[in-house]
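>
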Amino acid sequence: MVAATGQEEQNAGHFWLIEEYSDQVKIARRDASTLAEIMPAVSLAGVHLLAPQNGSGSLDWHTAIEAMIYQDTLLLLAVDTHEQLVLYQVK
Amino acid sequence: MTVQVLYRFPVSALQRELPCSWLLQEGNGGLLAVACCGNLVSTAPFTGTLSWYLLDIATRSLVKEARAPHLLTDIDALHLAHDAPTATWVVGSLEFLDDTFSSHALVRLIREDENGQAMLSAPLFDDPANDMAPIGPIFALQASGKRCTLLYSKPDIDCVSTPAICLGQIDLTTGHVEQSIIAYADSALACYQEDSALLLLLVPRVGNASQEGQAVFTGVTHYWGFSVAGYSRDFHIENWYHDLDLRLPAGQSPVLQGNSDFEWLGINAAAIPGPFLAEKGQETFVVGITMMDIFDRPYEDGHTSEEASWITNHVETLFCIDTHGKVIQTCTDAIGLRVQLCRVQATVVGVDLLKGQWRL
Chain A
0 MVAATGQEEQ
10 NAGHFWLIEE
20 YSDQVKIARR
30 DASTLAEIMP
40 AVSLAGVHLL
50 APQNGSGSLD
60 WHTAIEAMIY
70 QDTLLLLAVD
80 THEQLVLYQV
90 K
Chain B
0 MTVQVLYRFP
10 VSALQRELPC
20 SWLLQEGNGG
30 LLAVACCGNL
40 VSTAPFTGTL
50 SWYLLDIATR
60 SLVKEARAPH
70 LLTDIDALHL
80 AHDAPTATWV
90 VGSLEFLDDT
100 FSSHALVRLI
110 REDENGQAML
120 SAPLFDDPAN
130 DMAPIGPIFA
140 LQASGKRCTL
150 LYSKPDIDCV
160 STPAICLGQI
170 DLTTGHVEQS
180 IIAYADSALA
190 CYQEDSALLL
200 LLVPRVGNAS
210 QEGQAVFTGV
220 THYWGFSVAG
230 YSRDFHIENW
240 YHDLDLRLPA
250 GQSPVLQGNS
260 DFEWLGINAA
270 AIPGPFLAEK
280 GQETFVVGIT
290 MMDIFDRPYE
300 DGHTSEEASW
310 ITNHVETLFC
320 IDTHGKVIQT
330 CTDAIGLRVQ
340 LCRVQATVVG
350 VDLLKGQWRL
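Protein chains in written order, with numbering that gives the first Met the number 0: chain A, 0 to 90; chain B, 0 to 359.
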């Protein structure tokens with residue numbers, strides 16, 4: 000889960016939900032009040048999230064998703080079908 | 000919604016594993032720095048490179064690149080910070096160094112040479128592990144006001160003593176280094192809110208609650224508890240410290256014998272900057288914790304998180320605490336494993352895994 004912070008959060012009423020499946024990563028923008036999808040989700044077929052680099056050494060290892068908000072878009076660092084590191088932008 | 004590929008890095012993440020860290024440059028929103036471990040050199044299994052990229056998001060172009068050449072090292076973790084006053088990028092890492100045959104916590108800077116080429120400096124901070132013990136994880140790396148702080152775990156060689164939570168403070172202009180131990184904990188997490196920081200600590204304790212478990216437990220820990228502490232953002236000043244009333248007795252299972260039973264616990268926690276309390280003028284944190292005795296699972300070849308989420312012997316809490324350490328609100332509903340939280344204005348949204356189901 001990722002939401003805007005700082006100055007970007009003032010007009011944001013939504014958050015991004017990132018779900019990883021065995022064959023895809025699904026990304027949806029959802030309303031914070033109703034939790035409903037604001038618009039249809041997108042899927043990145045064959046893409047995987049990076050494994051947490053801390054293993055289970057940190058209490059929040061499982062939240063270590065390489066995603067951040069930039070100007071109301073989502074930036075995601077993930078691994079493509081060729082196991083290459085790729086920076087994606089979801090608008 | 001549409002998806003664009005902004006940049007494809009010339010590195011592989013085999014089996015999704017690649018130490019990396021990234022950060023938007025403060026005050027210059029379009030520049031994104033990414034530090035990652037380069038591809039291993041096939042002829043030397045423990046040789047890798049540390050690479051740093053500065054990207055312009057708007058133009059999808061590479062602005063600068065730096066690489067630490069021929070490092071005889073195995074990089075386990077990378078963290079990135081940026082000090083705006085000195086326009087300095089800071090790279091924190093956990094590395095296994097061949098020359099000492101031990102793991103180190105390191106801090107390097109990105110510097111430009113006389114030709115304007117970005118280069119990784121020699122380590123400004125270097126703390127080796129205790130003999131053959133591991134070191135890490137890194138809980139925090141931050142830079143501000145021409146100073147940098149690195150917060151990390153440093154276990155003892157015996158692996159029984161509670162690891163130290165170490166703080167390294169580095170003056171980015173003089174290179175002066177100060178080291179201290181700010182706490183002892185088996186695991187932790189750090190979270191920031193404006194000028195404050197919160198540190199959640201998993202701590203083994205011995206006390207009255209241990210009597211019941213002692214008959215079947217021969218190890219060193221009588222129960223596991225959590226402490227929460229408030230610090231200045233650079234962790235230099237501890238403002239408050241509380242032991243949470245949340246504990247899971249050790250020794251629930253007669254299988255536990257000797258040494259630490261840490262590995263038999265299933266623990267997840269999350270902490271985020273919480274809503275601003277306008278009436279009190281207070282910033283807050285929201286913290287969620289779940290701790291369970293995974294020995295409730297029948298002994299097999301491991302288990303999935305979904306299976307673990309059915310375990311009944313667990314304790315958990317979800318609360319909001321202000322930056323003075325006062326608990327503002329506690330959720331009375333149970334929360335599950337893998338709790339994740341985010342805040343949208345005054346609303347906190349979360350995900351967890353409860354009885355085999357992901358819940359939003």
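Beta carbons are placed, not taken as given, at the ideal position from N, Cα and C, and that holds for glycine.
#1: Is it buried or exposed for glutamine 356 of chain B, if we count other Cβ within 10 angstroms and need 16 for buried?
#2: Would you please state the rounded distance, in angstroms, between the beta carbons of histidine 47 of chain A and valine 24 of chain A? I believe it to be under 8 Å.
#3: Note down, in chain order, each residue of its chain lying with its Cβ closer than 8 Å to the Cβ of leucine 336 of chain B, except the 5 sequence neighbours on either side.
#4: Between the region 63 to 78 of chain A and chain B, which residues of the former have CB atoms less than 8 Å from a CB of the latter, in chain order?
#5: Compute the Euclidean distance between the alpha carbons of proline 133 of chain B and serine 186 of chain B, then round it to the nearest angstrom.
#6: One question on the structure: do glycine 190 of chain B and isoleucine 169 of chain B come within less than 7 Å of each other, judged by their Cβ atoms?
#7: Span of the beta strand (DSSP E) holding alanine 142 of chain B?
#8: Inspect the CB distances between the region 153 to 160 of chain B and the region 81 to 97 of chain B and report whether three or more fall short of 8 Å.
#9: Could you give the distance in angstroms between the alpha-carbon of glutamate 193 of chain B and the alpha-carbon of valine 106 of chain B?
#10: CB leucine 16 of chain A to CB alanine 27 of chain A, shorter than 7 Å?
#11: Can you tell me whether glutamine 3 of chain B is helix, strand or coil according to DSSP?
#12: Can you list, in chain order, the residues of its chain with a C-beta nearer than 6 Å to that of arginine 15 of chain B? Leave out the 5 residues immediately preceding and following it.
#13: Using a Cβ cut-off of 8 Å, pull out every chain A residue sitting near alanine 333 of chain B, in sequence order please.
#14: Which first and last residues belong to the alpha helix (DSSP H) in which glutamate 305 of chain B is found?
#15: Could you list the residues in the region 7 to 33 of chain B with a C-beta less than 9 Å from some C-beta on chain A, going in chain order?
#16: Please check the pair proline 18 of chain B and glutamine 52 of chain A, which I expect to be a contact at CB under 8 Å, by giving their CB distance rounded to whole angstroms.
#17: Give me the chain B residues within the contact set of glutamine 83 of chain A, using Cβ-Cβ distance strictly less than 9 Å, ordered along the chain.
#18: Spell out the partners DSSP gives isoleucine 310 of chain B in its beta bridges.
#19: Compute the Euclidean distance between the alpha carbons of leucine 76 of chain A and histidine 78 of chain B, then round it to the nearest angstrom.
Short version:
#1: Glutamine 356 of chain B should be labelled exposed.
#2: Histidine 47 of chain A to valine 24 of chain A, Cβ: 7 Å. Contact.
#3: If we look at leucine 336 of chain B and ignore the five residues flanking it on each side, its Cβ neighbours are Gly265, Asn267, Thr289, Met291, Ser304, Ala307, Ser308, Asp351, Leu352 and Leu353.
#4: Here the close residues are Glu65, Met67, Tyr69, Gln70, Leu74, Leu76 and Val78.
#5: Distance between the alpha carbons of proline 133 of chain B and serine 186 of chain B is about 13 Å.
#6: Note that residue 190 of chain B is cysteine in the sequence shown, not glycine. Going by C-beta atoms, cysteine 190 of chain B is not nearer than 7 Å to isoleucine 169 of chain B.
#7: According to the DSSP assignment, alanine 142 of chain B belongs to the beta strand (DSSP E) that extends over 137 to 143.
#8: Flag = no, the region 153 to 160 of chain B and the region 81 to 97 of chain B do not touch.
#9: The straight-line gap from Cα to Cα measures roughly 24 Å.
#10: Note that the C-beta distance between leucine 16 of chain A and alanine 27 of chain A is below 7 Å.
#11: Residue state, collapsed to three classes: strand.
#12: Closer than 6 Å at Cβ, skipping near neighbours: no residue.
#13: Here the premise fails: no neighbours, minimum Cβ distance about 18 Å.
#14: Boundaries of the alpha helix (DSSP H) harbouring glutamate 305 of chain B: 304 to 307, taken from the DSSP string.
#15: Of all residues in the region 7 to 33 of chain B, only Arg7, Phe8, Pro9, Val10, Ser11, Ala12, Leu13, Gln14, Arg15, Glu16, Leu17, Pro18, Cys19, Ser20, Trp21, Leu22, Leu23, Gly28, Gly29, Leu31 and Val33 place a beta-carbon less than 9 Å from a beta-carbon of chain A.
#16: Contact between proline 18 of chain B and glutamine 52 of chain A holds, with the beta-carbon distance rounding to 5 Å and staying under 8 Å.
#17: Residues of chain B passing the Cβ test: Arg7, Phe8, Pro9, Val10, Ser11 and Ala12.
#18: Its beta-bridge partners do not exist; DSSP assigns none.
#19: If you draw a straight line from the Cα of leucine 76 of chain A to the Cα of histidine 78 of chain B, it is about 15 Å long.
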